[in-house]
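Inspection log for the structure reproduced underneath, given as structure tokens.
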Amino acid sequence: MRFQDRTIVVTGAASGIGRATVERALGEGAAVLAVDRDAAALAALVEAAGGKPIRTLEGDVADAALAAEGFRLAAGLGRPVKGLLTAAGISVSGTPIAEIADEAWDEVFRVNVRGSWTWLKAGLPAFEAAGGGSVVLIASQLAFGGGALNAAYIASKGAIVSLAKTAAMELAETGVRVNAVAPGAIDTPMLRRSMSKQADPEAAAERSRNRHAMKRFGRAEEIASPILYLLSDEASFVTGHTMLADGGWTAA
Amino acid sequence: MRRALTAAMLALTALAVLPAVAQADIDDPYIQVEGEGVVQAAPDRATVSAGVETRAPNAAEAMRANADAMNAVMAELAKAGVEDRMIRTSQLSVYPVFNRSDRDVDQSAPIAYEATNQVEATVAEIAAVGEVIDALVGAGVNRIQGVRFSIDDATALEDEALRRAIADARRKATLVAEAAGVRLGAPLLIETRGGGRPAPVMRMTLEAGQATSVAPGEQSVSAGVSMRFAILD
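Chains as they are written, first to last, in the numbering used here: chain A, 57 to 308; chain B, -5 to 227.
Right under this line is the structure:
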């Protein structure tokens, strides 16, 4: 029960890595403010929580007004708000650089980078009130290795690695730790959407699996584990770090 | 004498000497002053923030009921003449509700789910605010969070505040020059600072059976300027 004394805010909470983290955090005693654009999936998440302390908020993560409301609601859960996971992310994979529309590029950065920064920024007063906090951003193993036909997403994840480092430096003296987790390919709705855009989805999935030393996709709960470690006090001397959890993708 | 005067002026303004314009010598004496300008104006827009809360046995139903209530609110706002682009709704939230007072029931199991949402409606006619609030309450809004007043286009007011700030700075510089027995020269440096519009005090009464009355008060548009004038020999 690492999180009984705190509230954790999670964006992208209704599916994939966000959802797996919410479920594990609730199981370890946390109160959770779960944010997502999918209202129906949030309703399902609340009902599945079976009376554990959770509140949801639907909307666009790049909207600063939503982030302000999120931390207001999080404070209403009655515990110090000490954790933030920004798991909301999108990709427009399968598009060569020459064909990525400017609007698509901007939208990926708006959700992935601004959506992370907006919540980090909005959370600072809450973390100060709590005497410190831990922020986990979601990067990608592709930020370190590159990858074809996914330039906007991968560049945005590179920005996340840099944001984690620079925010960690700037906030260290306030007791706020900022880290990132860089997952390999994880079997989530986003990955399945991404694969379905390929000419031969099954062949693309097979190629992707084989890029990992472990020859398989990761599961969302396998990413929730390092996230929860970084959110917890066990990681009290870890900040500015991007932790790879990629099944050996970068090692292979 | 010239050196002493410069030192006195520096002490007066408590600002460091920096060569701001190429043609001014660092040793040229100057007077530096701050000017403030304020313009009062009545706001011409009001934004009403309100909340809709709905409760149901499960989360999905609570959200559906909330969506229905919001549709009714939007219809009422349209009837009251508020355009779609002046309405913002985006903060649907749902959470479990517990019975913490009855010891005979399982207090860890939710007894219901509550969904909340917010609507913000902006009206261009201050006089219509009360009517809009009444329409919202009639349509099922159960929480009025407040009314925020603003000025749609404050450019002309900001310009006037800046004019007043510069006049104020010149008045002070003239006063300082006269008191010190020196002649005031041309401005060497003019720096403007961003103005501010403090939120007005808001009054609102919500009583059953009465039309809602809202008093917007006045808003201040301010500007600041820092001016440096040459002292003529």
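The beta carbon of each residue, even a glycine, is placed where N, CA and C say it ideally should be.
In its own chain, which residues sit with a C-beta less than 6 Å from the C-beta of Asp94 (chain A), not counting the 5 before and 5 after it?
Ala70
Can you pull out the residues from the segment 69 to 90 of chain B whose beta carbon lies closer than 8 Å to at least one beta carbon of chain A?
Ser84, Gln85, Leu86, Ser87, Val88, Tyr89 and Pro90
Examine chain A for any beta-carbon lying closer than 9 Å to the beta-carbon of Ser95 (chain B), and answer yes or no.
no
Under 9 Å between the Cβ atoms of Asp92 (chain A) and Thr67 (chain A)?
yes
For my contact list, Gly72 (chain A) and Thr298 (chain A) are in at a C-beta cut-off of 8 Å; report their separation, rounded to the angstrom.
Incorrect: roughly 19 Å between the Cβ atoms, too far for contact.
Is there a C-beta anywhere in chain A that falls below 9 Å from the one on Met64 (chain B)?
no
Name, going along the chain, the residues of the segment 95 to 116 of chain A whose beta-carbon falls closer than 9 Å to a beta-carbon of chain B.
Ala95, Ala96, Leu98, Ala99, Ala100, Leu101, Val102, Glu103, Ala105, Gly106, Gly107, Lys108, Pro109, Ile110, Arg111, Thr112, Leu113, Glu114, Gly115 and Asp116
Are the segment 80 to 92 of chain A and the segment 191 to 203 of chain A touching by the rule of at least three beta carbon pairs closer than 8 Å?
no
Tell me where the beta strand (DSSP E) around Val215 (chain B) begins and ends.
Gln213 to Leu226
Take the Cβ of Pro239 (chain A) as the centre, count every other Cβ of all protein chains shown within 10 Å, and call the residue buried at 16 or more, exposed below.
buried
Since Gly304 (chain A) contacts Met270 (chain A) with CB under 8 Å, what's their CB separation in whole angstroms?
5 Å
Residue environment, Asp96 (chain B), which counts as buried when at least 16 other CB atoms sit within 10 Å:
exposed
Restricting to Cα atoms, I'd like to know which of A:Glu229, A:Ala199, A:Ala154 and A:Asn206 is closest to Ser218 (chain A).
A:Ala199
Under the three-state DSSP convention, the category Ser281 (chain A) falls into
helix
Measuring only the C-alpha atoms, how far is Glu159 (chain A) from Leu151 (chain B)?
37 Å
Does the structure place the segment 280 to 293 of chain A close enough to the segment 258 to 265 of chain A that three or more beta carbon pairs sit under 8 Å?
no
Tell me whether the segment 59 to 75 of chain B and the segment 103 to 117 of chain A touch, counting them as touching only if at least three CB pairs, one residue from each stretch, are closer than 8 Å.
no
Leaving out five residues on either side along the sequence, give the residues of the same chain with a beta carbon under 7 Å from the beta carbon of Pro152 (chain A).
Leu205
May I ask you to report which of helix, strand or coil DSSP gives Ala180 (chain B)?
strand
Own chain partners of Gln60 (chain A) with C-beta closer than 7 Å, once the 5 adjacent residues on each side are dropped
Gly85
So that I know if they touch, is there some Cβ in chain A lying closer than 9 Å to that of Asn52 (chain B)?
yes
Proximity below 9 Å, CB of Gly134 (chain B) to CB of Val76 (chain B):
no
Would the segment 122 to 130 of chain A count as touching the segment 116 to 131 of chain B if we require 3 or more Cβ pairs under 8 Å?
no
Residue-chain proximity (Glu125 (chain A), chain B), Cβ-Cβ < 9 Å
yes
Chain B residues whose Cβ lies nearer than 8 Å to that of Leu140 (chain A):
None at all; the shortest Cβ gap to chain B is about 17 Å.
Classification of Lys138 (chain A) by the beta-carbon crowding that lies within 10 angstroms, buried from 16 upward:
buried
Cross-strand partners of Asn111 (chain B) (DSSP beta bridge)
B:Val46
Throw me the rounded Cβ distance for the Ala123 (chain A) and Ala186 (chain A) pair, which I believe falls under 8 Å.
No, Ala123 (chain A) and Ala186 (chain A) are not in contact; Cβ-Cβ is about 17 Å, not under 8 Å.
Terminal residues of the beta strand (DSSP E) in which Asp92 (chain A) lies:
Ala87 to Asp92
Met221 (chain B) CB to nearest chain A CB: under 9 Å?
no
Check the Cβ-Cβ distances between Leu129 (chain A) and every residue of chain B, and say whether any is below 9 Å.
yes
Range of the contiguous alpha helix (DSSP H) that encloses Val164 (chain A)
Asp158 to Phe165
Say whether chain A places a C-beta atom closer than 9 Å to the C-beta of Ala103 (chain B).
yes
Please report the straight-line C-alpha distance between Ala155 (chain B) and Leu169 (chain B), rounded to a whole angstrom.
21 Å
Establish whether the CB of Phe143 (chain B) and some CB of chain A are separated by less than 9 Å.
no
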